[in-house]
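Visitor: Take a look at the following structure, please.
Set out below in structure tokens:
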């Protein structure tokens, strides 16, 4: 798996992501600066978390207009895999590569805590090392993770099976209490229609080693590495 | 011309910031405050001197960057540039 991590000014989670990708793939990912426009040869483009451009205007709005985005769109158009985490998910929605938007958390509080995620489908390159319906723990840290889309879009996403993960209780129940940021229908992560673009707010890359307190996020990266093995 | 772009969350999109401001006003003793909504105001100095062309430019900027039409609506006002001095 040849992976590249896109780094915008203000991004701060790229090293965590590199650790998770290297552990899964066996070699270091390429770091891609936001001025670069050539992503040829990459199987997976990762947009990590952070505060690109200081979250000016809207989270992800500036990054969505940066030079590298043209190359990322082209990568998506040729069926390449993209993973956007946290600010990366916000950037993917601002760029129109995933529908909807991430609003301020309904509580107005910045949420820095663990959450439980339910795997809504396991037949994708991202989730293949999880069981369908499995519940796993993931850290999250965001102020704007409240997923919003109009009802017609939400119905379409559900109908087409594009919801990747939902916020649930440890037992796997979809409840308002498990949905700390107020996301529509407890949506924590979404796929593109070809299932090759995944955006999610929580940080599975921060739980991939016993030294981090657990390995709940590791199957995502191991699954990707297996799916994209050359 | 000067363009003043006002960006607001669409009706029906939860505005927790507006709610919090409303609650704070209530706590300060301001009675009779109904719904409060918070938005953004962006002022643009444009080289364009024709008001309608300036409006069209500002609307295009709002559609492409200043507003996210999934969640926000915008309106544009055009005014003469204030020349200092």
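Chains as they are written, first to last, in the working numbering: chain H, 71 to 300; chain E, 408 to 492.
Even glycine gets a Cβ: it sits at the ideal position worked out from N, Cα and C.
Could you say if the stretch 108-121 of chain H and the stretch 145-161 of chain H meet the contact criterion of at least three C-beta pairs nearer than 8 Å?
Guide: Touching, per the Cβ criterion.
Visitor: Please name the residue, chosen from H:213, H:296, H:197, that lies closest to residue 177 of chain H on a Cα-to-Cα basis.
Guide: Answer by Cα proximity: H:213.
Visitor: Could you pull out every residue in the same chain whose Cβ sits closer than 7 Å to the Cβ of residue 132 of chain H, ignoring the five residues on either side in sequence?
Guide: 122, 123, 126
Visitor: So what's residue 490 of chain E in DSSP terms, helix, strand or just coil?
Guide: Three-state DSSP puts residue 490 of chain E in coil, outside helix and strand.
Visitor: Is it true that the CB of residue 193 of chain H sits closer than 8 Å to the CB of residue 293 of chain H?
Guide: no
Visitor: So which of E:484, E:456, E:476 has the shortest CA-CA distance to residue 449 of chain E?
Guide: E:484
Visitor: Looking at the C-beta of residue 222 of chain H, does it have a partner C-beta in chain E at a distance below 8 Å?
Guide: no
Visitor: Measure the CB-CB distance between residue 149 of chain H and residue 112 of chain H and report whether it falls below 8 Å.
Guide: no
Visitor: Measuring alpha carbon to alpha carbon, tell me which residue in H:106, H:152, H:276, H:232 is nearest residue 184 of chain H.
Guide: H:276
Visitor: Output the boundary residues of the beta strand (DSSP E) element that contains residue 188 of chain H.
Guide: Unbroken beta strand (DSSP E) run through residue 188 of chain H: 181-189.
Visitor: Within this structure, are the beta carbons of residue 224 of chain H and residue 263 of chain H separated by less than 8 Å?
Guide: no
Visitor: Residue 160 of chain H CB to nearest chain E CB: under 8 Å?
Guide: no
Visitor: Below 8 Å CB to CB, which residues in the same chain sit around residue 273 of chain H once its five sequence neighbours on both sides are set aside?
Guide: 83, 86, 119, 155, 156, 208, 209, 210, 211, 287
Visitor: Beta-carbon of residue 423 of chain E versus every beta-carbon of chain H: anything under 8 Å?
Guide: yes
Visitor: Any heavy atom of the ligand SAM closer than 7 Å to the beta-carbon of residue 116 of chain H?
Guide: The model on display carries no ligand, and the ligand SAM is accordingly not part of it.
Visitor: Kindly indicate if chain E contains any beta-carbon less than 8 Å away from that of residue 218 of chain H.
Guide: Interface residue, yes.
Visitor: Any residues in the stretch 424-435 of chain E with a beta carbon nearer than 7 Å to a beta carbon of chain H? Which ones, in chain order?
Guide: 424, 427
Visitor: Please compile the residues from chain E whose C-beta is within a distance smaller than 7 Å of the C-beta of residue 174 of chain H.
Guide: 423, 424
Visitor: So residue 420 of chain E contacts chain H; which residues on that side make the cut at Cβ distance below 8 Å?
Guide: 173, 218
Visitor: Any residues in the stretch 133-167 of chain H with a beta carbon nearer than 8 Å to a beta carbon of chain E? Which ones, in chain order?
Guide: Legend: CB atoms of the stretch 133-167 of chain H lying less than 8 Å from CB atoms of chain E belong to residues 135, 163, 164.
Visitor: If I measure Cβ to Cβ from residue 469 of chain E and keep anything under 6 Å in the same chain, skipping five residues before and after, which residues do I get?
Guide: 412, 481
Visitor: Please list, in chain order, the chain B residues whose beta carbon lies closer than 8 Å to that of residue 170 of chain H.
Guide: Here chain B cannot be found, since the structure's protein chains are H and E.
Visitor: I believe residue 298 of chain H touches residue 71 of chain H by the beta-carbon criterion, under 8 Å. Please report the beta-carbon distance rounded to the nearest angstrom.
Guide: 4 Å
Visitor: I'd like to know if residue 226 of chain H contacts chain E, where contact means its C-beta is closer than 8 Å to some C-beta of that chain.
Guide: With 8 Å as the cut-off, residue 226 of chain H does not count as an interface residue toward chain E.
Visitor: Assign residue 115 of chain H to one of two classes, buried (16 or more other C-beta atoms within 10 Å of its C-beta) or exposed (fewer than that).
Guide: buried
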